[in-house]
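Have a look at the structure below before the remarks.
In the numbering used here, the protein residues as written are 466 to 727.
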């Protein structure tokens, strides 16, 4: 396996910002593009932060890659940001597998991180066999097989109907994702396990999840935050894609973490 080349989306331009504007790097969830996942959050950060995001292989603006680990994704993010934006440091926020990448960077002692916001994620995703089964299904039959399942996991009851302008583009992202890259990400999650490496974070950190997240809800978030000695925020009524449901909270959390480093 090799480190994937990841595409970046530059949401704000340095020339439009103060010279000392902090760099924020956003990471996506499986099956989403970083552009659509953080669409409600980016406008809240514009003008104060230099905001960029990365896409998973075969998602959004990133080229397909058929095999990689979470550790290799973490290295790919650091390469992409340092080569295209600069050496940093930066404030990282990641959702689901994007949060796993940030945790990998924390565990490896990355010198690029100034803060870490971990959204709807964990240091281990239970039932690795189910991730491998999903990988096999998607590799053979494509990502449309995941639309119904993901819609139920991503959005709380009535959220899709009430906010179709936010949700529909993400479901289109899922259907358009390269099936082999999606399968590779599933295998990466099956192999991902940082439980033995999770300890007090070296930088200001926060863990955020929703009460309706069936996979990584409060029962997962609270112990993770305790292990990291991180702030913990639970979003009432939110499912897996917290950036859609609670952009204002994420903006406040990020602002507080940035202030803690100044």
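By construction, the Cβ of each residue, glycine as well, lies at the ideal position given by its N, Cα and C atoms.
A distance below 9 Å separates the beta carbons of residue 575 and residue 543.
Between the segment 639 to 646 and the segment 690 to 705, the count of C-beta pairs closer than 8 Å stays below three; the two stretches do not touch. Contact holds between the segment 476 to 483 and the segment 504 to 524, because three or more Cβ pairs, one in each stretch, are under 8 Å apart. Secondary-structure assignment with DSSP links residue 680 through no beta bridge to anything. When 620, 506, 600, 557 are compared, the shortest CA-CA separation from residue 644 is found for 600. The three-state reading of DSSP puts residue 524 in coil, since its state is none of H, G, I, E or B.
A distance of 9 Å or more separates the beta carbons of residue 634 and residue 505.
Taking the Cα positions, residue 594 is about 20 Å away from residue 661. Take residue 558, set aside five residues on each side of it, and the residues of its chain with a beta-carbon closer than 6 Å to its own are 491, 582, in chain order. Using a Cβ distance threshold of 9 Å, residue 680 and residue 618 count as a contacting pair. The Cβ-Cβ distance between residue 687 and residue 718 does not fall below 9 Å.
Among the bridge pairs identified by DSSP, residue 697 is matched with 672. For residue 518, the number of other beta carbons within 10 angstroms of its own is at least 16, and it is reported as buried.
Residue state for residue 485 is assigned as coil, using DSSP reduced to three classes. In terms of Cβ geometry, residue 472 and residue 525 form a close pair [threshold 9 Å]. Per DSSP, residue 580 is one residue of the beta strand (DSSP E) stretching across 578 to 584. Per the coordinates, the alpha-carbon of residue 530 lies some 5 Å from the alpha-carbon of residue 646.
With contacts defined as CB atoms closer than 9 Å, residue 710 and residue 624 qualify as a contacting pair.
Rounded to whole angstroms, residue 498 and residue 520 show a C-alpha spacing of 6 Å. Secondary structure note for residue 560: it is in no alpha helix (DSSP H), and the uninterrupted beta strand (DSSP E) holding it is 555 to 560. Rounded to whole angstroms, the separation of the alpha carbons of residue 722 and residue 580 is 6 Å.
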